[in-house]
Amino acid sequence: MSRIQVDRASPTDRAFLAMGTGDGPVQFGVLLLLGPARGLDLARVRQLIGERLPAVPRLRRRLVPAPWGGGGPIWVDDPGFDVRRHVRPAVCAPPGDRQAVFDTALSLVSARLPREAPPWSATFLTGLTGGEAALVVVLDHVLADGVGGLAVLARLVDGAPAVAAPFPRPSPDAPALRREALAGRLRSVCRIGPAVRALFASTGAAGGLHPPRATACSLLGPAGPRRRLAVVRAELAPLRAAAHRHGASVNDAVLVAVAGALHRLLLTRHEDVRAFAVAVPVSGRAAADASHLGNAVSPLLLTVPATGDVAGRLALVAARVRASKAAATGPPPIAVVGALFRLSATLGLYRWYLDHQHRMHTLVSHVRGPAGPVTFGGVPVVEAVPLSVGASGNLSVVFEVLSYAGSLVVSVLADAARCPDLDALADGLAAQLALVCRESR
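The sequence shown maps to residues 119 to 559 in the working numbering.
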């Protein structure tokens, strides 16, 4: 008899699980804007996704507690899985234009996914102008990080190889889980030294225990329940070329543009902030396998200048990223301290900290999507827009960045009450991205 493999939630997964037990969910997703979708209906969407699910085992698994002595939660096949429960229809809010699609998608990613079932959804959105349609895929962060989410997406669009897998598979029994958990505890004891060093390194990359206080400004303050979304686009090739001329990456260029846009926004509010503390999630892996998902991200805290010569700012940010990024690719502090963090999150202490922190002004998350265009059900994916909600604390605006098929899309997610000038910020970011391309030549 073959040994049943244990799919156990990692310490980072469990940290995100604890974060999502508060007032709001911690979820992310992507809005796939499709071309005219003649012949593509809900039944066909369910059929396509259902046929492709075996390639992503966790999409048919739910997270359950292990028996006493059996360690942390495990992912087990859901014998009652029904694709119809996860792939649903929705009609875009009127008038069905781009902003209405964005607002509808944001409401979908903000709706808490049930934890008693595999925590994901895919909504087939109709009612768009021009006969177009959209697919909004949402994942609970406990299931995967951004890199893992892209691995899921790659298996759901057309062209992915078919995979056959028995389902449902039997769950590991209690004795097997206890043996596996004991072995894990013994390995942890042997790794105490490296774990302590990793904690110091990752804490340092995240700004240390006592980082410089982020300059006080209107970007920080009590957040309300409503979020708004604005989308900024840029061509990827000229931005990449501009960054590479100064030894920088596309992400470095985006950071420079974001800081410049925030500086100009605050000037209109009669505030003068010339450098911003920006948190950047760093993945501990270059790519993810859809059959082995989970979270492997650590925070990197950077001071990004907002004024001065663009070329000089690019070079400075690139140097700061190179100096600190290696330390941020290990396990994040929330995973290393494990049970202590989960307790603080469950008690609401972590959310209290986020609501009162002065470590950062904003967060910029960037993942690379497919380099070329993809299709779903034979319909071209015209644009891919990243989405996320949760754990933003007192940050009034955050940025989600996704590159796809030669384009860079920046989702600017803002508190509706604290950032009424979101459109001005989006226009300013578009101008700053163009400025980076133009003035760094």
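Cβ coordinates follow ideal geometry from the N, Cα and C atoms, glycine included. In this text the structure is predicted, and so the values were computed from the model without any measurement.
- Our two residues, residue 270 and residue 147, have alpha carbons roughly 11 Å apart in a direct line.
- Looking at the backbone, the Cα of residue 431 and that of residue 217 are separated by about 33 Å.
- According to the DSSP assignment, residue 533 belongs to the beta strand (DSSP E) that extends over 525-533.
- Between residue 128 and residue 302, the C-beta spacing is not below 7 Å.
- Buried is the label assigned to residue 526, since at least 16 other Cβ atoms lie within 10 Å of its Cβ.
- From the listed residues 239, 487, 358, the smallest Cα separation to residue 204 is found for 239.
- In the three-state reduction of the DSSP assignment, residue 186 falls in the coil class.
- For residue 421, the enclosing beta strand (DSSP E) stretches over residues 415-423.
- Taking 3 residues as the minimum length, the beta strand (DSSP E) runs contained wholly in the stretch 171-235 are 179-182, 192-195, 205-209, in order along the chain.
- Beyond the five residues adjoining it in sequence on each side, residue 394 comes within less than 7 Å, by CB distance, of 377, 380, 422, 424, 479, 480 in the same chain, given in chain order.
- Of the residues 460, 477, 363, the one whose Cα lies closest to the Cα of residue 418 is 477.
- As computed with DSSP, residue 522 is found in a beta bridge with 525.
- Short of 7 Å from the beta carbon of residue 450, and not among the five residues preceding or following it, lie these beta carbons of its own chain, in chain order: 130, 320, 415, 416, 417.
- Around the beta carbon of residue 330, a 10 Å sphere encloses fewer than 16 other beta carbons of the protein chains shown; the residue is thus reported as exposed.
- Taking a C-beta distance under 7 Å as the contact criterion, residue 273 and residue 201 do not qualify as a contact pair.
- It is roughly 42 Å from the alpha-carbon of residue 138 to the alpha-carbon of residue 556.
- Here residue 498 is bridged, per DSSP, to 493.
- Using a Cβ-Cβ distance cut-off of 8 Å, the stretch 157-176 and the stretch 491-509 are in contact, since at least three pairs of beta carbons, one from each stretch, lie closer than that value.
- Annotation: residue 289 is outside any beta strand (DSSP E) and is labelled neither H nor E by DSSP.
- With fewer than 16 neighbouring CB atoms inside 10 Å of its own CB, residue 470 falls in the exposed class.
- Bridge partners of residue 258 according to DSSP: 145.
- Of the residues assessed, residue 507 falls on the buried side of the cut-off, its CB having 16 or more other CB atoms within 10 angstroms.
- With the rule of 3 Cβ pairs closer than 8 Å, the stretch 171-188 counts as touching the stretch 284-293.
- Sequence-distant Cβ neighbours of residue 143 in its own chain, meaning closer than 6 Å and more than five residues away, are 230, 508.
- Per the Cβ contact rule, the stretch 363-370 is not in contact with the stretch 546-553 (fewer than 3 Cβ pairs under 8 Å).
- For the pair residue 255 and residue 537, the Cα-to-Cα distance works out to about 26 Å.
- One alpha carbon belongs to residue 520, the other to residue 124, and they sit about 32 Å apart.
- Within the model, the alpha-carbon separation for residue 176 versus residue 402 is close to 20 Å.
- Taking the C-beta atoms as reference points, residue 460 is found no nearer than 7 Å to residue 208.
- The beta carbon of residue 258 is closer than 6 Å to those of 145, 231, 237 in its chain, skipping five residues each way along the sequence.
- Out of 245, 267, 197, 152, the CA that lies nearest to the CA of residue 410 is found in 267.
- Its chain contains 511 as the residues whose beta carbon lies nearer than 6 Å to that of residue 472, once the 5 sequence neighbours on both sides are disregarded; these appear in chain order.
- Here residue 530 really is in contact with residue 515; their C-beta atoms are around 6 Å apart, less than 8 Å.
- Taking a contact as a CB-CB distance under 8 Å, the pair residue 336 and residue 389 counts as one, their CB atoms being some 6 Å apart.
- Taking 7 Å as the cut-off, the beta carbon of residue 151 is found no closer than this to the beta carbon of residue 223.
- Here residue 281 carries a coil assignment [DSSP, helix/strand/coil].
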